[in-house]
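Read the structure below first, then the notes.
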Amino acid sequence: MRQNGGVENGTLPYIEAESGRLRWRESADSMLGMGSSGAVYRGELDGEVVAIKKVHASFGRHSQFERELHHYALVRNPNIVQCLGISTTSASGGGGASSLLILEMMGGGCVYDVVSRMFHRGGGALVECKSVVRIASSVAKGLLAVHNASMAHGDIRLHNVLLTNPLDERTGALAPSARAKLADFGLARSSSLLNTSTAQVGHTAVRGGAGGCFYHLAPEFFQTNHPHTSHVSSSSSSSLRSSSSTPDTVSQAQQADVYAFGVLLHE
Numbered sequence: 019m020r021q022n023g024g025v026e027n028g029t030l031p032y033i034e035a036e037s038g039r040l041r042w043r044e045s046a047d048s049m050l051g052m053g054s055s056g057a058v059y060r061g062e063l064d065g066e067v068v069a070i071k072k073v074h075a076s077f078g079r080h081s082q083f084e085r086e087l088h089h090y091a092l093v094r095n096p097n098i099v100q101c102l103g104i105s106t107t108s109a110s111g112g113g114g115a116s117s118l119l120i121l122e123m124m125g126g127g128c129v130y131d132v133v134s135r136m137f138h139r140g141g142g143a144l145v146e147c148k149s150v151v152r153i154a155s156s157v158a159k160g161l162l163a164v165h166n167a168s169m170a171h172g173d174i175r176l177h178n179v180l181l182t183n184p185l186d187e188r189t190g191a192l193a194p195s196a197r198a199k200l201a202d203f204g205l206a207r208s209s210s211l212l213n214t215s216t217a218q219v220g221h222t223a224v225r226g227g228a229g230g231c232f233y234h235l236a237p238e239f240f241q242t243n244h245p246h247t248s249h250v251s252s253s254s255s256s257s258l259r260s261s262s263s264t265p266d267t268v269s270q271a272q273q274a275d276v277y278a279f280g281v282l283l284h285e
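Going by my numbering, the residue at position 255 of the sequence shown is 273; the numbering climbs one at a time, nothing skipped.
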């Protein structure tokens with residue numbers, strides 16, 4: 019993975035840990051968030067503020083991480099969070115090095131967190147209609163770029179829509195200069211990876227979806243002969259599969275993306 023080329027030739031540049039170009043600290047103060055695959059920290063690349071995703075050691079060697087790098091290199095679009103490069107931490111304390119994914123900083127956080135805070139604060143605060151349209155339009159354009167690259171995203175939900183600038187949670191307004199961008203390609207699939215099985219890739223809900231829910235899963239992904247489809251839990255995710263007898267194609271996964279986008283609009 020240690021490529022020195024840029025994304026123009028389908029690779030992501032590798033930033034040497036000892037080069038001094040990448041500066042960050044693994045501390046609670048610099049942590050931006052934590053996910054199932056790793057933690058995200060604030061840092062700097064060549065003096066510019068970036069987000070650094072430190073991937074859990076086991077996940078960093080997983081094929082899903084390799085796919086995420088592959089897909090970030092394939093798609094470059096202003097409506098998609100850009101991956102600026104990759105790096106590794108130095109091995110220490112007897113442990114191995116961890117993989118780092120260097121992403122553009124999205125100062126407004128994810129839309130899901132914003133909407134959740136507004137909802138729980140009460141008072142009927144909602145994202146204004148004009149801002150909803152702008153966010154939805156950006157996601158649609160980003161998703162179109164993904165599909166035009168013969169790919170499917172596989173994880174379309176508000177958790178993976180990030181804002182370049184904070185949304186005003188009192189008025190629900192998005193600043194004129196702010197933009198929403200689509201993120202997280204860990205579950206994406208492309209025509210260049212058609213030999214990857216459905217069990218390895220699949221759709222967000224097959225892996226538990228948003229907090230173990232399946233709201234974003236297209237109906238055809240449920241096993242049609244399952245007697246309790248409407249009460250599926252995260253522990254029974256293995257009972258989900260494509261209704262087709264063959265592994266789902268990129269085209270089918272793209273259709274599932276569109277369904278998930280409709281759910282996102284409802285949210």
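Quick reminder that beta carbons are idealized off the backbone N, C-alpha and C, glycines included.
Counted as a single uninterrupted DSSP element, the beta strand (DSSP E) harbouring Val58 occupies residues 56–63. The beta carbon of Ala170 is closer than 6 Å to those of Arg207, Val268, Ala271, Gln272, Asp275 in its chain, skipping five residues each way along the sequence.
For the region 137–197, the full-length alpha helix (DSSP H) segments reaching 4 residues or more read 147–166 along the chain. Between the C-alpha atoms of Ser156 and Arg135 there is a straight-line separation of about 22 Å. Separation of Met123 and Gly103 (C-alpha to C-alpha, rounded to the nearest whole angstrom) is 13 Å.
By the Cβ neighbour-count rule, Asp173 is buried, with 16 or more other Cβ atoms within 10 Å of its own.
Partner residues in the beta bridge of Tyr32, as assigned by DSSP, are Ile104. According to DSSP, Ser117 shares a beta bridge with Thr106.
Counting only the Cα atoms, Ala191 lies some 6 Å from Ser149. In this structure, Ala91 sits away from Ile153, with a CB-CB distance that is not shorter than 7 Å.
Residue state for Leu92 is assigned as helix, using DSSP reduced to three classes. Straight-line spacing of the CA atoms in Thr106 and Val164 works out to 27 Å. With a 10 Å radius around the Cβ and a threshold of 16 neighbouring Cβ atoms, Asn97 comes out buried. With contacts defined as CB atoms closer than 7 Å, Asn183 and Ala196 qualify as a contacting pair. Residue burial is scored here from C-beta neighbours: Ser116 has at least 16 other C-beta atoms within 10 angstroms and is therefore classed as buried. Between Ala69 and Leu121, the C-beta spacing is below 7 Å.
DSSP, reduced to helix, strand and coil, places Leu283 within a helical segment of the structure shown. In the displayed model, Glu66 falls within a strand according to three-state DSSP. When Val133, Leu283, Leu119, Gly126 are compared, the shortest CA-CA separation from Glu34 is found for Leu119. Between Leu180 and Cys128, the C-beta gap is smaller than 7 Å, which places the two residues in contact. Sequence-distant partners of Arg39 (beyond 5 residues in either direction) whose C-beta falls short of 7 Å from its own C-beta, in its chain, are Ile33, Leu63, Asp64. Contact between Leu176 and Leu283 fails: their C-beta atoms lie close to 10 Å from each other, not under 8 Å. Collapsing the DSSP output to three states places Arg41 in a strand. The C-beta distance from Arg41 to Gly61 rounds to 6 Å, short enough to fall under 8 Å.
If you draw a straight line from the Cα of Ala143 to the Cα of Glu44, it is about 35 Å long.
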